[in-house]
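A quick write-up on the structure given underneath.
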Amino acid sequence: MEQAGHELIVGLDIGTTKVCAVVAEILPDRQLKIIGIGDSESKGLRKGMVVNIEDTVRSIRQAIEVAAQMAGCNIGTVFVGIAGGHIMGINSHGVIAVQGNEVTAHDVKRVLDAARTVAIPSDREVIHILPQEYIVDSQRGIVDPIGMAGVRLEVNVHIVTAAVSSAQNIVRSSNRAGLHVEDIVLESLASAKAVLTDEEREIGVALVDLGGGTSDIAIFENNAIKHTAVVPLGGSTLTNDIAFGLRTPTKSAERIKVKYGCALQDLVQFDETIEVPSVGGRQPQKLSRLVLADICEARMEEILTFVDRTLVNSGCKDRIRAGVVLTGGAALIEGCVELGEQIFGVPTRIGYPTNVKGLTDVVNNPKFSTAVGLLHFGAEKVLARQGAAPQPAEQPVQSAVEPKPQQPAPAAPHSEDGLFSRLMKQMRRWFQDIT
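Per our numbering, the very first residue in the sequence shown carries number 239; after that it's consecutive.
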C-alpha cells in the first residue's frame with residue numbers, strides 16, 4: 239500500500255477489549271513513522287477468539303476509519319494479530335544433505351521445509367516457523383549459514399499453530415470490514431518486536447503480554463524464540479471481579495481499574511477512598527481504596543502465578559537472565575511490576591513500544607505494543623520482498639521426527655474455587671469495617 243511515493247504499513251490488533259489500528263510509513267532510512275492511530279471498543283471477541291462476526295466487523299471498521307482519517311489515506315491491506323487459548327507452540331528439527339559443499343539460500347529453504355513436516359491435525363494451521371539455530375556439520379549456534387562450507391545442514395525451529403476456525407474468523411471479519419489480510423502474526427511475537435531490546439533477546443528474557451482476554455508469553459534467548467504459551471486470564475477477568483465485588487456496571491469497573499487499581503495493598507494509604515457508581519439508579523457509594531486493592535491483588539497474583547508456573551514448566555525460567563518484561567494494558571496497573579518481581583523472583587519492567595517515529599507520544603503506551611509490533615513485522619516483510627527474489631520450492635530430503643509438544647500452560651481454575659470465596663470473605667470484612 240503506497241501513498242505519495244511512501245510505502246504504508248497497517249497493524250490491526252483485534253483484542254478482547256479493544257480493536258486498535260496503527261498506520262505507519264516506511265521512511266528512506268527504513269525507519270517507521272506513525273501517521274495514524276484509531277481504536278474502538280471490541281464487542282465480538284471472548285478470550286482472544288471471535289464469537290460474533292458482525293460485532294467484530296463493526297469494531298474493526300470504527301478503528302480503521304479513525305486511523306485512516308488521521309493518516310489521510312485509504313486502508314486496504316493490514317497485518318493482523320492473533321491470540322487465544324487455541325494457540326500452540328512446538329519445537330521441531332530438520333536435516334538435509336548440502337549440495338555442492340556450500341550452504342546456499344536454496345538449502346536453507348529446503349531444511350526449513352524439512353523441519354515443518356511434522357504431524358499437524360487437520361483442524362490446525364501453521365502460523366509461524368521460527369528458526370532457533372542452524373547446525374552445519376555439528377557446529378551449533380549458527381544464525382545465518384549461507385556461504386558456509388559443509389555437507390550436512392540442520393535447523394531447530396519453533397512452530398506456532400492456531401485453530402483453523404479461529405484464524406479464519408479473524409480473516410473473515412477483516413474481509414467483511416473491507417480489508418485484505420496480508421499476514422497473521424502471533425500477538426506475543428508482535429509485542430516482543432515492539433518492546434524488547436537486542437540485549438534482552440540475547441541473554442534471555444520472557445515477554446508477558448497482559449491482554450484483555452489472555453496473557454501471552456514468549457521466551458527468547460540467543461536472539462531466538464524458545465517457547466510460546468497462553469494463560470487464559472487477562473485484564474477483563476479483573477474487570478469482571480471489580481464489577482462483581484463492588485456491585486458496579488462493567489464499564490464503570492473498567493474505569494475504576496484503570497484509574498484507581500493497585501496490585502499491592504501495601505502501596506495504598508489507609509485513608510484513601512474512591513467513589514463507585516451503583517446500579518439501578520442508586521446513589522454512588524464511597525469505599526476505601528483498600529477494598530479495590532484487595533480485589534486487584536488477589537486476581538493479579540493469580541494471573542502472574544500462572545505465568546510463573548508456565549515459565550517453570552517450559553524449562554526456560556533459569557535462562558531468562560534479563561528477567562520479565564510486562565506489556566499490554568493491564569501492565570499499567572499500579573504495583574504490577576512490584577508484584578511481578580515478588581512472584582517471578584527476577585527483575586521485571588514494563589515494556590513500551592520503541593523504534594518508531596511520528597506520533598510517538600500517542601503510542602507510548604503498553605496497550606499499543608501489539609499494534610506497533612505488527613508494523614515492524616509488516617515492514618520487514620515488505621522490505622524483504624523488495625530486496626530479495628523468491629526461492630524455488632523443493633521437497634525436503636529428510637523429514638523431521640515428530641517432536642514432543644511443549645507442556646501447555648496450567649489450566650486456569652474455575653473462578654468460584656478459592657478466589658471468590660476468599661474475595662467475598664475479604665469483602666465482608668471491608669464492608670463491616672466501613673459500616
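Note that CB positions come from ideal geometry on N, CA and C, so glycine has one too. Only a predicted model underlies this, so the values are computations on that prediction, with no experimental measurement involved.
Cut-off 7 Å between Cβ atoms - residues of its own chain near residue i, not counting five sequence neighbours on either side
i	result
Thr586	Gly561, Val562, Leu564, Val575, Gly578, Glu579
Val584	Ile558, Gly561, Val562
Gln523	Val514, Ser516
Contacts around residue i, its chain only, beta-carbon distance under 6 Å, and the 5 residues preceding and following it disregarded
i	result
Leu250	Ala259, Val316, Val318
Gly438	Going by the sequence as given, residue 438 is Glu instead of Gly. Around Glu438: Ala560.
Arg414	Val295
Lys464	Ile457, Cys554
Asp293	Lys281, Gly282
Ala491	Thr477, Ile480, Ala481
Ala609	Gly249, Asp251, Cys258, Val260
Lys256	Asp277, Ser280
Ile313	Val248, Ile302, Ala306
Gly611	Ala428, Ser429, Lys431, Ala432
Ile325	Ala400, Val468
C-alpha gap between residue i and residue j, whole angstroms
i	j	result
Glu245	Asp556	42 Å
Asp351	His366	12 Å
Arg209	Thr486	Outside the shown range of the chain (239 to 673) lies residue 209, about which nothing can therefore be said.
Gly573	Asp532	12 Å
Asp436	Asn461	7 Å
Val398	Leu448	19 Å
Ser360	Ser403	11 Å
Thr475	Ile291	22 Å
Ser376	Leu391	9 Å
Met538	Gly625	45 Å
Met386	Asn339	8 Å
Asp421	Leu525	47 Å
Ala617	Ala430	15 Å
Val304	Leu613	17 Å
Val341	Asp267	30 Å
Ile247	Phe544	35 Å
Pro604	Val389	46 Å
Gln644	Gln307	In this prediction, Gln644 has a pLDDT of 42, which is less than 50 and means its spatial position is unreliable; nothing more can be read from the coordinates.
Asp345	Val336	7 Å
Asn602	Val356	40 Å
Ile686	Ala343	Since the first and last residues shown for the chain are 239 and 673, residue 686 lies out of range.
Asp509	Thr488	25 Å
Val297	Asp546	According to the sequence displayed, residue 297 carries Ser and not Val. Their backbone Cα atoms lie some 33 Å apart in a straight line.
Val419	Val409	6 Å
Terminal residues of the beta strand (DSSP E) in which residue i lies
i	result
Asp447	443-448
Gly310	Counting along the chain, Gly310 falls outside any beta strand (DSSP E), and DSSP gives it neither H nor E.
Phe317	315-320
Asn339	Asn339 -> no beta strand (DSSP E), and no H or E assigned at all.
Ile325	It is not in any beta strand (DSSP E) - Ile325 carries neither H nor E in the DSSP assignment.
Glu513	511-514
Leu525	523-526
Whole-Å CB distance - residue i paired with residue j, under 8 Å assumed
i	j	result
Ile320	Leu424	6 Å
Gly483	Val395	Their Cβ separation, rounded to whole angstroms, is 45 Å, which puts Gly483 and Val395 out of contact at 8 Å.
Leu417	Ile302	7 Å
Pro591	Phe615	About 13 Å; that fails the 8 Å criterion.
Ser412	Val288	That belief does not hold up - the Cβ atoms of Ser412 and Val288 are roughly 10 Å apart, past 8 Å.
Gly499	Ile571	5 Å
Ile328	Val349	Not really, about 17 Å apart at Cβ, beyond 8 Å.
N-terminal and C-terminal residue of the alpha helix (DSSP H) that residue i is part of
i	result
Ser607	607-625
Thr598	598-601
Cut-off 8 Å between Cβ atoms - residues of its own chain near residue i, not counting five sequence neighbours on either side
i	result
Val364	Arg354, Ile358, Ile397, Val398, Thr399
Gln503	Leu528, Ala531, Asp532, Glu535
Thr452	Thr254, Lys285, Gly286, Ala321, Gly322, Gly323, Val468, Val469, Pro470, Leu471, Gly472
Ile380	Glu371, Tyr372, Ile373, Val374, Met386
Leu621	Ile264, Arg268
C-beta neighbour in chain D for residue i, strict 8 Å
i	result
Asn603	In summary, chain D is missing from the structure at hand, where a single protein chain is found.
The ligand NAP heavy atom lying under 7 Å from the CB of residue i
i	result
Pro369	The model depicted lacks the ligand NAP and carries no ligand whatsoever.
Which runs of the alpha helix (DSSP H) spanning at least 4 residues fall entirely within the region 535-586, listed in chain order? 574-582
In chain order, which beta strand (DSSP E) runs of at least 3 residues are fully inside the region 263-305? 270-279
At what residue ranges does the region 418-487 contain a whole run of the beta strand (DSSP E), taking only runs of 3 or more? 418-424, 443-448, 453-459, 462-469
Which ranges does the alpha helix (DSSP H) cover as unbroken runs of at least 4 residues, wholly within the region 342-416, from first to last along the chain? Qualifying alpha helix (DSSP H) stretches, in chain order: 343-353, 402-414.
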